[in-house]
Structures are given as C-alpha cells and as structure tokens.
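Accompanying notes for the structure given below.
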Amino acid sequence: MVPILEMKGISRYFSSTDVLANDRVDFSVEKGVVHALVGENGAGKTTLMNILYGLIKPDSGEIFIEGKKVRIGHPNDAIKVGIGMVHQHFELVPSFTVAENIKLGIEPTRAGFLNTRAENEDVAQLAQKFGLKIDPQVRVRDLPVGMQQRVEILKVLQRQAKIVILDEPTAVLTPQEVGELSTVVRGLTKLGLTVIFITHKLIEVLDVCDRVSVMRAGRMVGTKAVAETDIPDLAKMMVGREVLLRVKKEPAKMGGVVFESKDASVADISGLAAISHVSFDVHAGEILGIAGVSGNGQTELVEALAGMKPLDGGKFFFKDKDITATNVRARRDLGIAHIPEDRMTVGLNLQTTLDENLIVSRYNQPEYSRMGFLIEKTIRNFVETVIKSFSISAARPGEGISKLSGGNLQKIVLGRELAGSPSLILANQPTRGLDVGSIEFVHKTLVEARDRGCAIVLVSVELEEIMSLADRILIFYRGMIQGELITSQTNEHEVGILMAGGTMEEVRKQKAAAESEVNR
Amino acid sequence: MTPRALRKLLDAILIPLLAVLSGLVLMGVLVVVTGKPLWESYQILFTSAFGCKNAATSCSLFTTLERATPLIFTGLSAVVAFRSGMFSIGQEGQYLMGAVMAAYLGYAIHLPYVIHPIVIILASMAAGAVYSWIPGILKVKLGVNELLATIMLNAIATTFTEYMVQYPMRADRGTTAHSPIIDATAFLPSFFQGSRWGVGFIIAVLAVIVVIVYLWRTKSGYEQRMAGQSLKFAFYGGIPSDQAAIRAMVISGALAGLAGAVEVLGVQHRIMTGFSTGLGFDGLTAAILGQTHPIGVFIVAILFAGLRLGAQIGLQIQVHIPQEVGGTIIGFIILFVAARKFYENSIASVRKLLTRNKDIKAKGEGG
Numbered sequence: 001m002v003p004i005l006e007m008k009g010i011s012r013y014f015s016s017t018d019v020l021a022n023d024r025v026d027f028s029v030e031k032g033v034v035h036a037l038v039g040e041n042g043a044g045k046t047t048l049m050n051i052l053y054g055l056i057k058p059d060s061g062e063i064f065i066e067g068k069k070v071r072i073g074h075p076n077d078a079i080k081v082g083i084g085m086v087h088q089h090f091e092l093v094p095s096f097t098v099a100e101n102i103k104l105g106i107e108p109t110r111a112g113f114l115n116t117r118a119e120n121e122d123v124a125q126l127a128q129k130f131g132l133k134i135d136p137q138v139r140v141r142d143l144p145v146g147m148q149q150r151v152e153i154l155k156v157l158q159r160q161a162k163i164v165i166l167d168e169p170t171a172v173l174t175p176q177e178v179g180e181l182s183t184v185v186r187g188l189t190k191l192g193l194t195v196i197f198i199t200h201k202l203i204e205v206l207d208v209c210d211r212v213s214v215m216r217a218g219r220m221v222g223t224k225a226v227a228e229t230d231i232p233d234l235a236k237m238m239v240g241r242e243v244l245l246r247v248k249k250e251p252a253k254m255g256g257v258v259f260e261s262k263d264a265s266v267a268d269i270s271g272l273a274a275i276s277h278v279s280f281d282v283h284a285g286e287i288l289g290i291a292g293v294s295g296n297g298q299t300e301l302v303e304a305l306a307g308m309k310p311l312d313g314g315k316f317f318f319k320d321k322d323i324t325a326t327n328v329r330a331r332r333d334l335g336i337a338h339i340p341e342d343r344m345t346v347g348l349n350l351q352t353t354l355d356e357n358l359i360v361s362r363y364n365q366p367e368y369s370r371m372g373f374l375i376e377k378t379i380r381n382f383v384e385t386v387i388k389s390f391s392i393s394a395a396r397p398g399e400g401i402s403k404l405s406g407g408n409l410q411k412i413v414l415g416r417e418l419a420g421s422p423s424l425i426l427a428n429q430p431t432r433g434l435d436v437g438s439i440e441f442v443h444k445t446l447v448e449a450r451d452r453g454c455a456i457v458l459v460s461v462e463l464e465e466i467m468s469l470a471d472r473i474l475i476f477y478r479g480m481i482q483g484e485l486i487t488s489q490t491n492e493h494e495v496g497i498l499m500a501g502g503t504m505e506e507v508r509k510q511k512a513a514a515e516s517e518v519n520r
Numbered sequence: 521m522t523p524r525a526l527r528k529l530l531d532a533i534l535i536p537l538l539a540v541l542s543g544l545v546l547m548g549v550l551v552v553v554t555g556k557p558l559w560e561s562y563q564i565l566f567t568s569a570f571g572c573k574n575a576a577t578s579c580s581l582f583t584t585l586e587r588a589t590p591l592i593f594t595g596l597s598a599v600v601a602f603r604s605g606m607f608s609i610g611q612e613g614q615y616l617m618g619a620v621m622a623a624y625l626g627y628a629i630h631l632p633y634v635i636h637p638i639v640i641i642l643a644s645m646a647a648g649a650v651y652s653w654i655p656g657i658l659k660v661k662l663g664v665n666e667l668l669a670t671i672m673l674n675a676i677a678t679t680f681t682e683y684m685v686q687y688p689m690r691a692d693r694g695t696t697a698h699s700p701i702i703d704a705t706a707f708l709p710s711f712f713q714g715s716r717w718g719v720g721f722i723i724a725v726l727a728v729i730v731v732i733v734y735l736w737r738t739k740s741g742y743e744q745r746m747a748g749q750s751l752k753f754a755f756y757g758g759i760p761s762d763q764a765a766i767r768a769m770v771i772s773g774a775l776a777g778l779a780g781a782v783e784v785l786g787v788q789h790r791i792m793t794g795f796s797t798g799l800g801f802d803g804l805t806a807a808i809l810g811q812t813h814p815i816g817v818f819i820v821a822i823l824f825a826g827l828r829l830g831a832q833i834g835l836q837i838q839v840h841i842p843q844e845v846g847g848t849i850i851g852f853i854i855l856f857v858a859a860r861k862f863y864e865n866s867i868a869s870v871r872k873l874l875t876r877n878k879d880i881k882a883k884g885e886g887g
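Chains A and B, in that order, are what the protein sequence lines are. At position 88 of the first sequence (counting the first as 1) the number is 88 in this note's numbering, and the numbers step up by one without a gap. Position in the second sequence (first residue = 1) + 520 = this note's numbering.
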C-alpha cells in the first residue's frame, strides 16, 4: 500500500543559529495510524513538521501525499492537500463561542446576516461525526484546556484534513485529559484519518500510538512498530546512549526536622482558599513528594513556602524559627532554595547574561559586592564553577542565555539554587517540558542533594516522577492534604485514589482487599 | 575587541545608523521638491552643524556641543528610568523644576565662586528628584501608571514655570517676561570667549560615565535592571523591586533637574517665558534612538543638536529652507527607528543571501 505521506531527503539549515535542523530526513506514514514522532528538544521534529505544514521552506527534499508529489510553500497549500496542524499554543478567540471559533472566516449567513443557528448546528454535526463531545454554544474562555484543544482539533477537521499533526498535545493537559485525548485520537483513526503525534513523553507513545519514528540531532534514527519496542529502547534511540529512566537511590537517611508548616492557609485571587489548614514537616535527607492533579493548591503552597505569597493563616517554622513573616530574600539567606515551575519567566531572566542570572540570589552577599559595587572576579569564578559542575557546555560566561535549550536552562536554575548547599530545596515541576536525558540529570542532582542531607519538597503532577523520587508522599486535593503515604509501602494506584479525591479509608480498604486476594 | 563583541556592537548600532541615513535621504527629497540645490544643502547642513573654522570666533561644532549638553542629561534620565522598567516621560517637567530652582537660587542667595554653582546644581537635582519621586511612589503604592502621571506632571511644571516667570520671579515689565540675571558667581564658565560651550559639557560626559558604572557595575543598578527586564524574576530572586523602581525615578529626576541647572547656569543665566522648548522630549527620543544606552544617548544627542543647528543657521539663512526641516529630519529618523522591523527583515534577507553564496561556494570547492 502506498503510504499516505512520504517525506524524502528533507534538509534545512538555519544560518542564524548555524544548525542543520534537518539532515536528509526520510519520514513515511501509513494511512489510518497514529504515528508518533519523538526526539529530544532540538532534535528537529518541529522543524520537520513545520516544513510539512508549509511554515518553513526546506533547502532540499520532496513531499508525497498518497504517492503524488506536492509542493507546500504555505499553510494554505498544506490545508489544500489535507494536512492540518494543532499547535501547542492554541489560536482561539477566548470571548467567542466554540462554534464561532470553528466557523471563523466561513460563517454561514442568511441575507447577509450571521446565521447563528446554522453555525451551531453545523458544529454540532461535525462534533458528532468525529465523536468529539462539545457544546457549540459555550464560550472558549469558560472551557478547560483539554476542551479548548478539542476545539482546535475540530477546526482542523472541518477543513477536511486527512492528516492531523498534533504538536506536543499533552504538554498542557491533566492526566485525565490525556486519557480523553487518546480516546479521541483512536476514534479519528477508526474514521480513516491519520494522526502524527509529536511528543517526548515515551509512555504516551506506547499508550496511544501504532508506529513511532525517532529523531536525534536533525537525523531520523529509525521507525518502529510500537508493539516491537519499549521505553528503554526508545530512550536509547533518542539520546544515543543507555538512559537511567528510574534514578537509583539508597533508602533515605532521615535527619531532624528542617521545616514545619502548621495549619497554613492561603487565599487565591478570588478569595477562596487555595490551600487551607495544611500541616506537615520535612526532615533533612528526605524528599517529600507533593502529588496531586495540577491546580489543587501546589503552586500556591510553593509560593508561600518561598515567601512569594503571604500566609492568610497558620505558621511556618524553619529549623524551629518562626519565618512566617519573612520575605523572599530573608528565606533565601536562611538557605531555602527554590526551583520554580516556570523557568522561562520566573526562574530566569532570558534578556540578560548568564552571570546576572546566576547571582540573583547572592549578589547581596559580601563575597559578591563591596560598598555597593559588584565584584566581577568572584562573580566570574562562581559562574565558571557552576558551568563546570553542572556541565552546561552550551553556556558561556558573560553571554546571553535566550538561545539555550530547556535542559540547559534548567541546569542553570539548578546550578544557582544548589550552589551554597541549601538546607531546604523547593522543587516545583523541575522536569516539566524536559527531554529524557535532562530529566535523568535533574533527578540525579536532586537525589545527590538529598544524600548530602538536604531536605527537599518536590511538587510534581507526574505520578511516575513522585513514585521514583519521593521518600514520602503528601497528596493534595482541593488545597488540602488528602493523605500521606510512604513510597516504599504504596503504589501508583493508591496515590491515584487520593489524587482523585478518595480518602485514606478507601485506600486501606483497597489494600485489605488486595491482600485477602493474595492470601486466597 | 573580540569578533563576538564587535558583532554585538554592530548589531546594536546598525539600525539607528540606517534610520539616520534614511532620514537624511528623505530630507534630500524635501530639498529637491522645494527646488533648492541638493548637494549644496547637505554640505551647508553639515558644515553649519559640525564645522569649525576658528575656535575662538566661528565654530559651529562648539555650539552644537553646547546645545547637546542638556539633551545628554535628559537622555540619560530617560535611560535610567527605561532600563528600570519605568516608562517615565517626565523629563520635561523635571528639567523645568531644576531650571526654576537654579534661576531662583542664582539671584536669591549669594555665595562665592565654585560653591555657588555646586549648591545650585545639588538643589536643582533635588528639585527634579522630588518631582520624579511623586510618580514613582504613586506607581509603587497605588499602581498609578507612571506614563500618565508624568504626562500630567509635565503639564503642571510648564504652567508653574510660566507662572514663576510672569509673577514672583519677574525682573521687569518688558514685553517678554524673564527672571533676573543670576549672580556671576553662579555662572558655569565656558571654554572660549564668545562661545557658551563650557563646563556643563564636562559634567555631561562625567554623567555618562557615572550612569554606565551605576547601571552595570553596582548592586543597585543590577537590581533596577533586573526589575526592569523581568519583575517576576526579580520577585522570585528576592530583589526589592519597589525600592528599585522608586530609586530609578529619583535618579532619573535628578539627572533631568541637572539638565535644567546646567542650561541656566551655563547658557541662559535666567529663565524666560517659553523656556520650555521640548528638550525633555528630545532627550526621550535620544534615549530610544541611542538604544537606551548612555553612550548611544551621547552620540544621538550631539547628532540631534547638530541637525537642529544646521537647519537653523545653515539651511534657513544660507539656502532659505525653513529651519523646521531639522525637526522634520529628526521626526523621520524616529519614524524609521519605530519601523525597525522593516530593517530587521531587510538585514536578515541580505545576510541570508550572503551566507547562501558562501554555502554554494563551499559546496563547489568540496565537489
């Protein structure tokens, strides 16, 4: 059978960054399958897809759709031959309804006036045809992210797309929404559509896709049927070496209590409690995992711990000292490090140099400034030490960082936060958006800090990450601690029950039931 | 200089340079349309802006430098505010406050040479600083937009100056109101007899250096720039950004106030009705065209002053082209800087063309 899409010998060189983003790439997709395209950040998968969608012109190479050679110089050409793309960042009008967004530019009219009823009916029909449940009359701004993505997919489908490209579709979704998306994607292939699924989360490849192509450093490494491969194999193809997917670690050697939260509450913007009456402690030498579906108060908790949000009730103690009223700088000076959720806008200032990013938490210390003047020499020494000990090979002292990869940027944050051996590290989603190799590095670094006696609070919505790193797990649900589990005595299933709002009672029952099953 | 640093510098000055050239070309169009000699006009514009036949008697370069001096200060004032994330356009008002203070203390108090101007300069800087602190504190405490606040304060300062000249400080009942001439002890001396280019310019050069050192080599400057580039990052890192914002406004105001003092002590020796000639706004545009860098401001201020002078004493008197052409060229230049995307795109396509040729050549040699 002729493949529905074939790309042959695609090359593209970017002179501005001196990168050969695609080097004679061959890529072929069968009709009616979900085909994953994986690779680390900067491997060239986005460039390849942008060429396919007409956003970038290749230097050389040919594209065939169902065996026929096509020229795609503009997204309009791509749409004409049946290619649709859902970008990672949605392009929707928030104040318009679902139907208005989908029919934007092709609104049905009657006597020159908008025919809203026909518009809604058309969209309802379209949604039904593809099995994507959605209310056409809801405003997009009132929809959760997963539903907004559905609107984007419908937009593509109503232009009669045969091939749907999904660019990192799960990056913004909650675990439940990921499940729904994979059902939607499956449904599309049943109707004869072909889906190209760009991702770097390998577990999704196994769950959702039929075939997988792996890219590395601008080249196509290989294409396999998903049934014939597994995660370690794919990870090796992506990174080019064996990857430790689950960090090796000894049991925690717990020390005394470093930090204690007593009955802490924070209200969010609307005045509702973002976290309410949260009490817990963290010991030296342990990783305390905070699990929970995104948006259950984790961000507010970390911001409160770091001193970026005041408490509306309760107290924080650091080494038995009340720090409730102290500000960010005072807490940093005490030895509290913070790896924020958003490294691009919060954790780093991409407009300035590496040096100035690295000194933000210590420029005030006597080694780094004297009589108001910054001491260039100590700063430069510090920068060089961080570059060396965190092997940030791409970064140079005194130069900008805006062009570095996500992995390297996170290394800069880690290097800054872990230097000066802090007693408490707040790590909020430290591997979000990173590729396999960088995740391995971050995990290893955190475990090493733990083994040096550092207390770590790790917030993550990736259950896998919590299970492999944390020694103890607190599960957050609607701003409260739903339960506490010891990692070595629990499993993902039990944590999942609590994440979904179940109680410790239910967990115990499940456990008892499972044990009686085994005994029988 | 390393090739990397050189490239960075080229990137920074390429667009302003192209904008200036485009502005001058458009001036040529204006000249041709009005039927005046093209080449001669350019020549006259430049010799009457930057020419220097005789240091003592006819040196227009000195006049240009004299006129650039207050622009340098107001430009630096804008640089300090912009770099710290405060979009303050209050230089005009702060400049006037500084000038009123200088004109008043120039005749109201009597001090010996050297001490008199120093006291006045400090007082004028304080006047500008306080006038700029107002929008700063409003922004930090109440979230009042500093752009709007400074516009309002500019209007108030203009009216206030006019009132001071017309009533309390008025020296005579002639047709144009002006304040008394300040004491000779307060004069900032000039370098040559017959020219008013003097010590003020030295202060301006020093101010350029001080601002560079302050912004890029001190803790406070670091705090201000970080808060200016990314408030979130500054907050996360524990930088006291409210303090940084207020400090930025105070320093910015002091520099604009200094401009007023230097203009009064070194050039006008009094204030008169219509004293405000848009120096604050020219400084603002000098800051933008100068890539919000003190050295850029220094160069652009001299260029602007030269264009205005060249148009005034060159084009107007010698070729009878209205002196407003000078302002028009500056307007064009600003317009072209605003259209920087146009230049960026053209530069990118030129670069692409060049590298493609190189690639082909390299490939040819390889094959």
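No residue lacks a Cβ here, since even glycine has one placed at the ideal position from N, Cα and C. Computed from a predicted structure; not experimentally measured.
(request) Determine whether the Cβ of A/Arg24 lies closer than 9 Å to any Cβ atom of chain B. (result) Numbered from its first residue, the first sequence carries residue 24 of chain A at position 24. Under the Cβ criterion of 9 Å, A/Arg24 is not counted among the residues facing chain B.
(request) Under 9 Å between beta-carbons, which chain A residues line up against B/Ser750? List them in chain order, please. (result) For the purposes of this step, residue 750 of chain B is identified with residue 230 of the second sequence, where counting begins at 1. Within 9 Å Cβ-Cβ: Thr345, Val346, Leu348, Asn349, Leu350, Gln351, Thr352.
(message) Would B/Tyr651 and B/Gly777 be called neighbours here (beta carbons separated by less than 9 Å)?
(response) Here residue 651 of chain B is taken as the residue at index 131 of the second sequence, counted from 1. Here residue 777 of chain B is taken as the residue at index 257 of the second sequence, counted from 1. Cβ atoms of B/Tyr651 and B/Gly777: closer than 9 Å.
(message) Rounded to the nearest angstrom, what separates A/Tyr13 and A/Leu234 at their Cα positions?
(response) Against the first sequence, residue 13 of chain A aligns to sequence position 13. Against the first sequence, residue 234 of chain A aligns to sequence position 234. Near 26 Å, if we compare the C-alpha coordinates of A/Leu234 and A/Tyr13.
(request) Consult DSSP for B/Ile533 and reduce its assignment to one of helix, strand or coil. (result) The residue you call residue 533 of chain B lines up with position 13 of the second sequence. Three-state DSSP puts B/Ile533 in a helix.
(message) Can you find the residues in the same chain that come closer than 7 Å, C-beta to C-beta, to A/Phe390, ignoring five residues on each side of it along the sequence?
(response) If you number the first sequence from 1, residue 390 of chain A lands on position 390. Lys411, Leu414, Gly415, listed in sequence order.
(request) Would you tell me roughly how many angstroms separate the C-alpha atoms of A/Leu5 and A/Arg211, rounded to the nearest one? (result) Numbered from 1 along the first sequence, position 5 holds the residue referred to as residue 5 of chain A. Numbered from 1 along the first sequence, position 211 holds the residue referred to as residue 211 of chain A. Rounded to the nearest angstrom, the two C-alpha atoms are 14 Å apart.
(request) Would you kindly check if the distance between the Cβ of B/Arg745 and the Cβ of B/Arg603 is under 9 Å? (result) The sequence position of residue 603 of chain B within the second sequence is 83, counting from 1. The sequence position of residue 745 of chain B within the second sequence is 225, counting from 1. With respect to B/Arg745, B/Arg603 sits close: the two C-beta atoms are nearer than 9 Å.
(request) Report yes or no: do the stretch 347-356 of chain A and the stretch 779-793 of chain B share at least 3 C-beta pairs separated by less than 8 Å? (result) No contact exists between the stretch 347-356 of chain A and the stretch 779-793 of chain B.
(request) Taking only beta-carbon positions, decide if B/Lys661 is within less than 9 Å of chain A. (result) In the second sequence, counting from the first residue as 1, residue 661 of chain B sits at position 141. Judged by the 9 Å Cβ criterion, B/Lys661 is not in contact with chain A.
(request) For B/Gly886, collect the residues of the same chain with a Cβ closer than 6 Å to its Cβ; drop the 5 residues on either side in sequence, then sort them by chain order. (result) Indexing the second sequence from 1 puts residue 886 of chain B at position 366. Annotation note: pLDDT 37 at B/Gly886 (below 50); position unreliable, coordinate value reported separately. There are no such residues.
(message) According to DSSP, A/His283 sits in a beta bridge with which residue or residues?
(response) For the purposes of this step, residue 283 of chain A is taken as the residue at position 283 of the first sequence. Beta-bridge pairing links A/His283 to A/Val257.
(request) Check whether the Cβ of B/Pro760 lies closer than 9 Å to any Cβ atom in chain A. (result) Position 240 of the second sequence holds residue 760 of chain B. Chain A, which has a Cβ nearer than 9 Å to the Cβ of B/Pro760, makes this yes.
(message) Does A/Ser438 come out as helix, strand or coil in the three-state DSSP assignment?
(response) Against the first sequence, residue 438 of chain A aligns to sequence position 438. Reduced to three states, the DSSP call for A/Ser438 is helix.
(message) How far does the beta strand (DSSP E) with A/Lys511 in it extend, from its first residue to its last?
(response) Indexing the first sequence from 1 puts residue 511 of chain A at position 511. That residue, A/Lys511, is in no beta strand (DSSP E); its alpha helix (DSSP H) goes 504-519.
(message) For a cutoff of 9 Å on Cβ pairs, would you count A/Tyr53 as touching chain B?
(response) Along the first sequence, read from residue 1 onward, the residue named residue 53 of chain A stands at position 53. So no, A/Tyr53 is outside the interface.
(request) Would you mind reading off the limits of the beta strand (DSSP E) that contains A/Val138? (result) Here residue 138 of chain A refers to the residue found at position 138 when the first sequence is read from its first residue. First-last for A/Val138: undefined, no H or E at that position.
(message) To be precise: take each residue of the stretch 574-597 of chain B, compare its Cβ to all Cβ atoms of chain A, and keep it if any distance is under 7 Å. Which residues remain?
(response) Taking 7 Å as the Cβ-Cβ cut-off against chain A, none of the residues of the stretch 574-597 of chain B qualify.
(request) Along the beta strand (DSSP E) that carries A/Leu37, what are the first and last residues, could you check? (result) The residue you call residue 37 of chain A lines up with position 37 of the first sequence. In the DSSP assignment, A/Leu37 falls within the beta strand (DSSP E) that extends over 34-38.
(request) Would you kindly work out how many angstroms separate the C-alpha atoms of A/Ala104 and A/Pro340, rounded to a whole number? (result) Numbered from 1 along the first sequence, position 104 holds the residue referred to as residue 104 of chain A. Numbered from 1 along the first sequence, position 340 holds the residue referred to as residue 340 of chain A. According to the sequence provided, residue 104 of chain A is Leu. The question's Ala does not apply to it. One C-alpha to the other measures close to 38 Å.
(message) I'd like the list of long-range same chain contacts for A/Arg219, defined as Cβ closer than 6 Å, with 5 residues on each side in sequence excluded.
(response) As a working note, residue 219 of chain A is residue 219 in the first sequence. Excluding residues within five positions, the ones whose Cβ falls inside 6 Å are Asp23.
(message) B/Met684 and B/Pro700 - do their beta-carbons sit closer together than 9 Å?
(response) Your numbering for residue 700 of chain B matches position 180 in the second sequence. Your numbering for residue 684 of chain B matches position 164 in the second sequence. No. Outside cutoff.
(message) Is B/Ser608 close to chain A? Criterion is C-beta to C-beta, closer than 9 Å.
(response) Residue mapping note: residue 608 of chain B aligns to position 88 of the second sequence, counting from 1. No, its Cβ sits nowhere closer than 9 Å to a Cβ of chain A.
(request) Measuring alpha carbon to alpha carbon, tell me which of A/Glu228, A/Glu286, A/Lys236, A/Leu244 ends up nearest A/Leu255. (result) Counting from 1 along the first sequence, the entry for residue 255 of chain A is found at position 255. Leu is not the amino acid found at residue 255 of chain A; the sequence shown has Gly there. Residue A/Glu286 holds the alpha-carbon nearest to the alpha-carbon of A/Gly255 among A/Glu228, A/Glu286, A/Lys236, A/Leu244.
(message) If you reduce the DSSP assignment to three classes, tell me which class B/Tyr756 lands in.
(response) One-based indexing of the second sequence puts residue 756 of chain B at position 236. In this structure, DSSP gives B/Tyr756 a helical state, which the three-state scheme calls helix.
(message) Using only CA atoms, which one of B/Ser715, B/Ala619, B/Leu625 lies nearest to B/His636?
(response) Here residue 636 of chain B corresponds to residue number 116 of the second sequence, with the count starting at 1. The option with the nearest alpha carbon to B/His636 is B/Leu625.
(message) In whole angstroms, give me the CA-to-CA distance for B/Pro536 and A/Lys201.
(response) Sequence index remark: in the second sequence, residue 536 of chain B carries index 16 (1-based). Sequence index remark: in the first sequence, residue 201 of chain A carries index 201 (1-based). Their backbone Cα atoms lie some 46 Å apart in a straight line.
(request) Determine, using beta carbons only, whether B/Leu581 and B/Ala569 come nearer to each other than 9 Å. (result) Numbered from its first residue, the second sequence carries residue 581 of chain B at position 61. Numbered from its first residue, the second sequence carries residue 569 of chain B at position 49. Their beta carbons are under 9 Å apart, which means B/Leu581 touches B/Ala569 by this criterion.
(message) Let me check understanding here. Comparing Cα to Cα, which of A/Thr490, A/Arg331, A/Ile425 lies closest to A/Ala284?
(response) Here residue 284 of chain A corresponds to residue number 284 of the first sequence, with the count starting at 1. Nearest to A/Ala284 by C-alpha distance, out of A/Thr490, A/Arg331, A/Ile425, is A/Ile425.
(message) Residues of the stretch 367-396 of chain A in Cβ contact with chain B at a cutoff of 7 Å, in chain order, please.
(response) Residues Ser369, Gly372, Phe373, Leu374.
(message) Quick check: the Cα distance between B/Asn574 and B/Ile815, rounded to an integer number of angstroms?
(response) Along the second sequence, one-based indexing puts residue 574 of chain B at 54. Along the second sequence, one-based indexing puts residue 815 of chain B at 295. Near 28 Å, if we compare the C-alpha coordinates of B/Ile815 and B/Asn574.
(request) Go ahead and label B/Val600 buried or exposed: buried means 16 or more other beta carbons lie within 10 angstroms of its beta carbon, across all protein chains shown. (result) On the second sequence, position 80 is the one that residue 600 of chain B refers to. Looking at its Cβ environment, which holds 16 or more other Cβ atoms inside 10 Å, B/Val600 is buried.
(message) Nearest by alpha-carbon distance to A/Ala470: which of A/Lys249, A/Tyr53, A/Asp167, A/Lys45 is it?
(response) To locate residue 470 of chain A, count along the first sequence from 1; it is residue 470. Of the candidates A/Lys249, A/Tyr53, A/Asp167, A/Lys45, the one whose C-alpha sits nearest the C-alpha of A/Ala470 is A/Lys249.
(message) Counting C-beta neighbours from all protein chains within 10 Å, is the total for A/Lys272 16 or more, i.e. buried, or is it exposed?
(response) Translated into positions along the first sequence, residue 272 of chain A becomes position 272. Per the sequence presented here, residue 272 of chain A reads as Leu, with Lys not at that position. Classified as exposed, A/Leu272 has fewer than 16 neighbouring CB atoms from the shown chains inside 10 Å of its CB.
(request) For B/Ser772, decide whether its Cβ has a neighbour in chain A, counting only Cβ atoms nearer than 9 Å. (result) Start at 1 with the first residue of the second sequence, and residue 772 of chain B comes out as number 252. No, B/Ser772 lies away from the interface with chain A (no Cβ there is under 9 Å from its Cβ).
(message) Tell me the DSSP secondary structure of A/Val408 in three-state form.
(response) For the purposes of this step, residue 408 of chain A is taken as residue 408 along the first sequence, with counting starting at 1. Going by the sequence as given, residue 408 of chain A is Asn instead of Val. It is helical.
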